[in-house]
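First to last, the sequence lines map onto chains G and P.
Here our numbering is used: the first residue of the first sequence is 1, the next is one more, and so on.
Here our numbering is used: the first residue of the second sequence is 138, the next is one more, and so on.
Built from N, CA and C at the ideal position, the CB exists for glycine as well.
Have a look at the structure below, then the notes.
Protein chains: 2
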Amino acid sequence: MTRARAAVLSALEASAEPLSASRVVGKLEGVCDQATVYRALHYLEEARLAESFVLYCSQHGVERYYASSKAAHRHWFHCESCHRFVDLGACRLGGLIADVEKEMGLRVSRHTLYLSGICADCAAHADCSAHAVKAAP
Amino acid sequence: MTRARAAVLSALEASAEPLSASRVVGKLEGVCDQATVYRALHYLEEARLAESFVLYCSQHGVERYYASSKAAHRHWFHCESCHRFVDLGACRLGGLIADVEKEMGLRVSRHTLYLSGICADCAAHADCSAHAVKAAP
DNA sequence: GGTATATTTGCAAATGATTCGCAAATTGCC
DNA sequence: GGCAATTTGCGAATCATTTGCAAATATACC
Chain G
1 MTRARAAVLS ALEASAEPLS ASRVVGKLEG VCDQATVYRA LHYLEEARLA
51 ESFVLYCSQH GVERYYASSK AAHRHWFHCE SCHRFVDLGA CRLGGLIADV
101 EKEMGLRVSR HTLYLSGICA DCAAHADCSA HAVKAAP
Chain P
138 MTRARAAVLS ALEASAEPLS ASRVVGKLEG VCDQATVYRA LHYLEEARLA
188 ESFVLYCSQH GVERYYASSK AAHRHWFHCE SCHRFVDLGA CRLGGLIADV
238 EKEMGLRVSR HTLYLSGICA DCAAHADCSA HAVKAAP
């Protein structure tokens with residue numbers, strides 16, 4: 001494991017939510033180059049040390065988000081108001097996927113699931129004011 | 138509904154699988170411009186006449202795929218060998234999403250799920266030859 | 001039906017995330 | 001510690017998608 005890859009992995013591990021490639025690049029400003037971050041993310045995913053999914057968000061557009069694979073495979077909720085992720089805990093799709101594999105004769109090797117909407121915090125604020133506030137920068 | 142939007146919608150309705158924006162642009166070559174196709178796709182999604190999701194595929198990279206909303210909300214399997222989609226039928230996540238909403242106090246307004254792996258056809262070919270053949274162009 | 005106003009379209013260029021080529025630096029191995 | 005293999009930095013390229021603006025089309029109104 002090279003220094004750059006270790007730095008990228010620990011950035012992912014230190015985060016409570018998935019990070020976009022560009023945020024990792026930002027966090028590693030001065031540590032390693034943007035191209036290196038992208039290459040390291042590919043390497044980590046290949047090595048099963050990280051997982052990723054592509055998400056569109058009105059604030060950030062289409063970006064790929066990465067999370068360390070230290071914990072069990074899990075899914076996330078994305079708040080459309082504050083643009084943060086909420087951890088939904090370990091994946092609960094095992095049964096559904098096994099059913100689909102059997103029904104349709106497929107071999108499922110990976111899956112992407114995420115939910116989006118309004119998180120509890122933003123919903124609470126919306127109860128008092130007309131609209132949820134925009135996320136802080 | 139303008140002519141361009143109708144053309145884009147009928148391209149989606151005529152397709153058995155979700156189409157990437159660029160494939161819609163290709164199908165409507167000479168009918169309307171690429172920028173118009175993108176704008177029409179946004180319009181159709183806003184108007185709830187179409188649904189979309191962003192998918193990464195080794196052959197096509199990151200692209201947004203669109204499907205007409207004529208049928209019930211559904212999910213797809215993406216074959217990593219032939220790069221086609223398999224229709225998995227109507228969404229079965231209702232219960233899971235309701236559980237998560239209750240448990241975590243979230244308001245889920247949309248979700249993205251897709252599975253990927255090897256489809257039945259490609260798996261059958263792989264049984265005879267060493268590797269599944271690449272998709273025809 | 002004919003015209004004024006609002007919306008949509010085409011075109012070409014911009015944008016933003018991601019990737020690539022290549023020379024220099026780092027790593028893993030003996 | 002020295003060398004071949006791999007990785008990194010830098011800058012430029014790529015690709016999907018978006019945008020500005022003038023022309024064309026749609027919709028509202030008379």
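Taking one beta carbon from each stretch, the stretch 83–92 of chain G and the stretch 103–110 of chain G have fewer than 3 pairs nearer than 8 angstroms; the two do not touch. DSSP, reduced to helix, strand and coil, places Ser189 of chain P within a strand of the structure shown. Contact annotation for His111 of chain G against chain P: Leu250, Tyr251, Leu252 and Ser253 [CB-CB distance below 8 angstroms, chain order]. In terms of Cα proximity to His215 of chain P, the closest of P:Arg140, P:Tyr175, P:Glu154 and P:Thr139 is P:Glu154.
For Arg211 of chain P, the uninterrupted beta strand (DSSP E) segment begins and ends at Arg211 to Cys216. Judged by their CB atoms, Ala141 of chain P and Thr173 of chain P are nearer to each other than the 8 angstroms cut-off. Here the alpha carbons of Val8 of chain G and Ala40 of chain G stand approximately 7 angstroms from one another.
Annotation for Asp236 of chain P: no beta strand (DSSP E) segment contains it, though the alpha helix (DSSP H) segment containing it runs Gly231 to Met241.
Counting of Cβ neighbours within 10 angstroms places Ser218 of chain P among the buried residues, the total reaching 16 or more. By the rule that beta-carbons nearer than 8 angstroms mark a contact, Phe85 of chain G does not touch chain P. Comparing alpha-carbon positions, the option among P:Ala227, P:Thr139 and P:His262 lying closest to Tyr180 of chain P turns out to be P:Thr139. Ala204 of chain P: member of the beta strand (DSSP E) spanning Gly198 to Ser205, first to last residue.
Of G:Ala124, G:Ala11, G:Cys122 and G:Ser20, the smallest CA-CA separation from Cys57 of chain G is found for G:Ser20. DSSP, reduced to helix, strand and coil, places His248 of chain P within a strand of the structure shown.
The C-alpha of Cys91 of chain G lies about 29 angstroms from the C-alpha of Ser205 of chain P.
Contacts with chain P at 8 angstroms (Cβ-Cβ) include Val100 of chain G. Here Tyr251 of chain P has Phe190, Leu192, His212, Trp213, Phe214 and His215 as same chain residues with Cβ atoms under 8 angstroms from its own Cβ, once five neighbours each way along the sequence are excluded. At least one beta carbon of chain P lies nearer than 8 angstroms to the beta carbon of Val54 of chain G. Measuring C-alpha to C-alpha distances from Ser116 of chain G to each of P:Ala235, P:Ala257, P:Gly254 and P:Ala187 identifies P:Ala235 as the nearest. Listed in chain order, the non-local C-beta contacts of Gly226 of chain P below 7 angstroms within the same chain comprise Arg211, local neighbours out to five positions each way being set aside. Taking all protein chains shown into account, Val161 of chain P has 16 or more neighbouring C-beta atoms within 10 Å of its C-beta and is therefore buried. With its beta carbon at least 8 angstroms from every one in chain G, Arg176 of chain P lies outside the interface.
Per DSSP, Leu88 of chain G is one residue of the beta strand (DSSP E) stretching across Phe85 to Ala90. Ranked by Cα distance from Glu45 of chain G, the first of G:Lys70, G:Ser15 and G:Glu101 is G:Lys70. In the DSSP assignment, Ser10 of chain G falls within the unbroken alpha helix (DSSP H) covering Arg3 to Ala14. For Ser159 of chain P, the enclosing alpha helix (DSSP H) covers residues Ala158 to Lys164. At least 8 angstroms separates the beta-carbon of Gly242 of chain P from that of Ala47 of chain G. Between the alpha carbons of Gln34 of chain G and Tyr66 of chain G lies a gap of roughly 15 angstroms.
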